[in-house]
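Engineer: Could you have a look at this structure, given as structure tokens, before my questions?
Residue numbers (my numbering): 1 to 739.
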């Protein structure tokens, strides 16, 4: 073998006497070993992956790696060799140099590529059409110029990231250059080309349009699975505000309208992720605090409208603050301090805050609430793998199916006379408190009967919700200050949803600028909610992440079509009336599951961190405990008029009677209110601890969430987040448009 010869010389195929083909020079070429990224040590990351169960291999890749290979993956290069050999027997490997070479076979070749593993130069095999390579290390040797491609002696094509070396021409056949392509990934770089936006198992990608019929089906499917979050908040709020059944139906219709409009607008001007906007449970606790303040507690005339106007003003002020926070670019700075360790306990506290309302209210009619809870768990856990027509019906539609079945069951109980008591009126159950013999049955009749609500009889067939339908908003410092702080909690909640959704739909994590744009637009959406009078702000529904994971549907167009249906439904007053007539115990039972799901989704954010880290465990555990304990201390200060409030509303009355006592009544009310809300306490405690206790980026999960902001990320991989080109000029004043 001529070790000094050109790399283009090989023996003709006709030379049968030799044992193998003669290869020119040192082959494969000698390449200096890769210098590992000191910030992400391979040994450290492999050790971390083993402890936390982190698996960097996608479902696609896992199909080409045997079980034996997975067990040997920690051995480094040997596992990579086994995986490559299993996937392509004709591949030759040089493990020391990290090269993957496809030998010449016949009259062509197939390109095999390597997907980087976190912290390693080697990787696993990927399909030919997925991505291109990236520029390799500058330590590669010069290879003889390939005149056909115009490469200068071993230069790397910056766009393709390949070293191209020609093989010798076969003298016995037509002279023809055959190229061997070598693709490398360095430790410190990632593929520049955008990843495939539709991973295995995803029925519809973010930008896909499968046709009108599938879009209609997917849109209805997505919004129907979120029905509990979209319509059950008014069933809690409006009765506490002293509203009638007709007003409950009107608020539900208004929420459907605002949710539909803001979802469509968010798909164009927000993050553009497939996320549903709607009235969030983040705003429910502060709204209940305002509802039960001493100023409104003893009102008897127009109580509902007075409280609604106060809520509208507070939501508008808080939303203006959120809009400025997003579009000014301040959110990009704040985002550096908000990591998974902060998001997880904050979102979990949103669900835990309502434990005093959940089953105590559902238990008012155990004959329908307990069967519903059991049915929801049966569908979501035991029947979750049952598939009909390619859809996991019981998992996707667990809430609406359970509600429909138990509602029908409750109707038969009512029609069969199960709740008829001698001498008691079934038409107006609340009037039974006037009679000693019926007083003990009044609560049962009110919470269990399906014919108690007057919403269906009083609601109009057609009704268009309009701004200021309850009157002009009122603005007060003490309530506005509460909502300003709550918008920060809503922003943290949405940040977690953005990142989790981006991974589900196989996109790069959104950049700080994209997150800021999304938060700014959510502030604008909440302003619309305040103007129309939903009683709460509008934000990304946390349960949306679970819905995307279950339905495997991520098309923006499907969500837009489903949102358009919500807008149409909002004009039919009878639809809102039908939803308003759901028995209160049944609604509380569904919320027991929904709030538990929010807790689980919040804690699942910890998968981006080192969950076994004692630092993280102490921060999260202490935050969750103290977020329940501090509000309990403030809530023990009972209001002066305890007889007016039901027991489940007492925790939200601390603002008027809490221990904070300064010279300003407004400041007293705001501080007592904020410190009696679990999610606010959780955000403050987790934020301070996570940003003051030392911890590595890997430990805190920062390196995953900030991955997309690195300079080597190809801007094309963020294209699905970009605003439509014809609208970008409208947002030139914002700091986040180009991000």
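In this text, a Cβ means the ideal position worked out from N, Cα and C, and glycines have one as well.
Skipping 5 residues on each side, what residues in its chain have a beta carbon closer than 7 Å to that of residue 406?
Structural biologist: If you number the chain shown from 1, residue 406 lands on position 406. Only 368, 371, 372, 375, 586 meet the Cβ criterion.
Engineer: So, residue 272 versus residue 552, is the Cβ gap smaller than 8 Å?
Structural biologist: Start at 1 with the first residue of the chain shown, and residue 272 comes out as number 272. Start at 1 with the first residue of the chain shown, and residue 552 comes out as number 552. Cβ atoms of residue 272 and residue 552: not closer than 8 Å.
Engineer: Look up residue 279 in the DSSP assignment and say whether it is helix, strand or coil.
Structural biologist: Locating residue 279 in the chain shown gives position 279, where the first residue counts as 1. Strand at residue 279.
Engineer: Kindly indicate which residue of 292, 400, 615 has the alpha-carbon position closest to the one of residue 692.
Structural biologist: As a position in the chain shown, residue 692 is number 692, starting the count at 1. The shortest Cα separation from residue 692 among 292, 400, 615 belongs to 615.
Engineer: Strictly by DSSP, which residues pair up with residue 391?
Structural biologist: Your numbering for residue 391 matches position 391 in the chain shown. DSSP output for residue 391 lists 388 as bridge partner(s).
Engineer: On a CA-only basis, which of 620, 671, 219, 567 is nearest residue 603? Give me that one, please.
Structural biologist: Residue 603 sits at position 603 when you count from the first residue of the chain shown. If we check each option's Cα against that of residue 603, 620 comes out closest.
Engineer: Which partner residues does residue 538 have in the DSSP bridge list?
Structural biologist: For the purposes of this step, residue 538 is identified with residue 538 of the chain shown, where counting begins at 1. 279, per the DSSP bridge assignment.
Engineer: What does the alpha-carbon distance come out to for the pair residue 561 and residue 291?
Structural biologist: The residue you call residue 561 lines up with position 561 of the chain shown. The residue you call residue 291 lines up with position 291 of the chain shown. Rounded to the nearest angstrom, the gap between the Cα atoms of residue 561 and residue 291 is 35 Å.
Engineer: Residues in the same chain with beta-carbon distance under 6 Å from residue 307, minus the five sequence neighbours each way, listed in chain order, please.
Structural biologist: Counting from one through the chain shown, the residue named residue 307 turns up at place 307. Within the same chain, residue 307 has close Cβ partners 241, 291, 296.
Engineer: Under a Cβ-count criterion, where at least 16 other Cβ atoms within 10 Å of its own Cβ denotes burial, should residue 540 be classed as buried or exposed?
Structural biologist: Working through the chain shown from its first residue, we reach residue 540 at position 540. Residue 540 should be labelled buried.
Engineer: Residues in its own chain within less than 6 Å of residue 660 by CB, not counting five upstream and five downstream?
Structural biologist: Here residue 660 is taken as the residue at index 660 of the chain shown, counted from 1. 668, 671, 672.
Engineer: Measure the CB-CB distance between residue 537 and residue 319 and report whether it falls below 8 Å.
Structural biologist: As a position in the chain shown, residue 537 is number 537, starting the count at 1. As a position in the chain shown, residue 319 is number 319, starting the count at 1. Taking 8 Å as the Cβ cut-off, residue 537 and residue 319 qualify as a contacting pair.
Engineer: According to DSSP, is residue 572 part of a helix, a strand, or is it coil?
Structural biologist: In the chain shown, counting from the first residue as 1, residue 572 sits at position 572. Strand, per DSSP.
Engineer: Residues bridged to residue 204 by DSSP?
Structural biologist: Counting from one through the chain shown, the residue named residue 204 turns up at place 204. Answer by DSSP bridge pairing, in chain order: 553.
Engineer: Considering only DSSP beta bridges, list what residue 462 is partnered with.
Structural biologist: Here residue 462 is taken as the residue at index 462 of the chain shown, counted from 1. Looking at the DSSP assignment, residue 462 forms a beta bridge with 572.
Engineer: Any contact between the segment 488–500 and the segment 241–260? By contact I mean 3 or more CB pairs, one from each, below 8 Å.
Structural biologist: Per the Cβ contact rule, the segment 488–500 is not in contact with the segment 241–260 (fewer than 3 Cβ pairs under 8 Å).
Engineer: Assign residue 244 to one of three DSSP states: helix, strand, or coil.
Structural biologist: Mapped onto the chain shown, residue 244 falls at position 244. Here residue 244 sits in coil by DSSP.
Engineer: Which residue's Cα is closest to the Cα of residue 720: 526, 267, 563?
Structural biologist: Numbered from its first residue, the chain shown carries residue 720 at position 720. That would be 267, whose Cα lies nearest to the Cα of residue 720.
Engineer: Tell me the DSSP secondary structure of residue 493 in three-state form.
Structural biologist: Start at 1 with the first residue of the chain shown, and residue 493 comes out as number 493. Helix.
Engineer: For residue 658, which option in 680, 684, 685, 630 has the closest C-alpha, if you only look at C-alpha atoms?
Structural biologist: Taking the chain shown and counting its residues from 1, one reaches residue 658 at position 658. For the residues 680, 684, 685, 630, the minimum Cα distance to residue 658 belongs to 630.
Engineer: Would you list, in sequence order, the uninterrupted beta strand (DSSP E) runs of no fewer than 3 residues that lie entirely inside the segment 295–361?
Structural biologist: Those beta strand (DSSP E) runs which fall completely within the segment 295–361 and span 3+ residues do not exist here.
Engineer: What do you get for residue 532, buried or exposed, if any count of 16 or more other CB atoms within 10 angstroms of its CB means buried?
Structural biologist: Locating residue 532 in the chain shown gives position 532, where the first residue counts as 1. Residue burial is scored here from C-beta neighbours: residue 532 has at least 16 other C-beta atoms within 10 angstroms and is therefore classed as buried.
Engineer: With 16 other CB atoms within 10 Å as the buried threshold, where does residue 339 fall?
Structural biologist: As a first step, residue 339 is located in the chain shown; it is residue number 339 there, counting from the start. Under the 10 Å beta carbon count, residue 339 is surrounded by 16 or more other beta carbons and is classified as buried.
Engineer: Straight-line CA distance for residue 724 to residue 718?
Structural biologist: For this step, residue 724 is matched to residue 724 along the chain shown. For this step, residue 718 is matched to residue 718 along the chain shown. Between residue 724 and residue 718, the C-alpha separation is close to 13 Å.
Engineer: So for residue 273, helix, strand or coil by DSSP?
Structural biologist: As a working note, residue 273 is residue 273 in the chain shown. Coil, per DSSP.
Engineer: From which residue to which residue does the alpha helix (DSSP H) around residue 419 run?
Structural biologist: Position 419 of the chain shown, counting from 1, holds the residue named residue 419. That residue, residue 419, is in no alpha helix (DSSP H); it is neither H nor E in DSSP.
Engineer: Measure the beta-carbon distance from residue 689 to residue 680 and round it to whole angstroms, keeping in mind my assumption that it falls under 8 Å.
Structural biologist: Numbered from its first residue, the chain shown carries residue 689 at position 689. Numbered from its first residue, the chain shown carries residue 680 at position 680. Wrong, their Cβ atoms sit about 15 Å apart, outside the cutoff.
Engineer: By a C-beta neighbour count over all protein chains shown, 10 Å radius and 16 as the cutoff for buried, is residue 233 buried or exposed?
Structural biologist: Translated into the one-based positions of the chain shown, residue 233 becomes position 233. The residue is buried, with at least 16 neighbouring Cβ atoms inside 10 Å.
Engineer: Run through DSSP, which three-state label would residue 120 get?
Structural biologist: As a position in the chain shown, residue 120 is number 120, starting the count at 1. Residue placement at residue 120 cannot be trusted, given a pLDDT of 39 that sits under 50; what the coordinates show is reported in the next sentence. Note: residue 120 maps to coil in three-state DSSP.
Engineer: Between which two residues does the alpha helix (DSSP H) harbouring residue 615 extend?
Structural biologist: The sequence position of residue 615 within the chain shown is 615, counting from 1. 614–635 is the extent of the alpha helix (DSSP H) around residue 615.
Engineer: If you draw a straight line from the C-alpha of residue 282 to the C-alpha of residue 698, how long is it?
Structural biologist: Within the chain shown, residue 282 is the residue found at index 282, counting from 1. Within the chain shown, residue 698 is the residue found at index 698, counting from 1. Those two C-alpha atoms are separated by around 29 Å.
Engineer: Does the structure place the segment 316–332 close enough to the segment 571–578 that three or more beta carbon pairs sit under 8 Å?
Structural biologist: no
Engineer: When the Cα atoms are used, what is the spatial distance from residue 595 to residue 722?
Structural biologist: As a first step, residue 595 is located in the chain shown; it is residue number 595 there, counting from the start. As a first step, residue 722 is located in the chain shown; it is residue number 722 there, counting from the start. When rounded, the distance between both Cα atoms is 33 Å.
Engineer: For the alpha helix (DSSP H) that residue 367 lies in, which residues bound it at each end?
Structural biologist: Here residue 367 refers to the residue found at position 367 when the chain shown is read from its first residue. Taken as a continuous stretch (DSSP letters only), the alpha helix (DSSP H) holding residue 367 covers 366–377.
Engineer: Does DSSP put residue 718 in a helix, in a strand, or in coil?
Structural biologist: Translated into the one-based positions of the chain shown, residue 718 becomes position 718. Correct three-state label for residue 718: helix.
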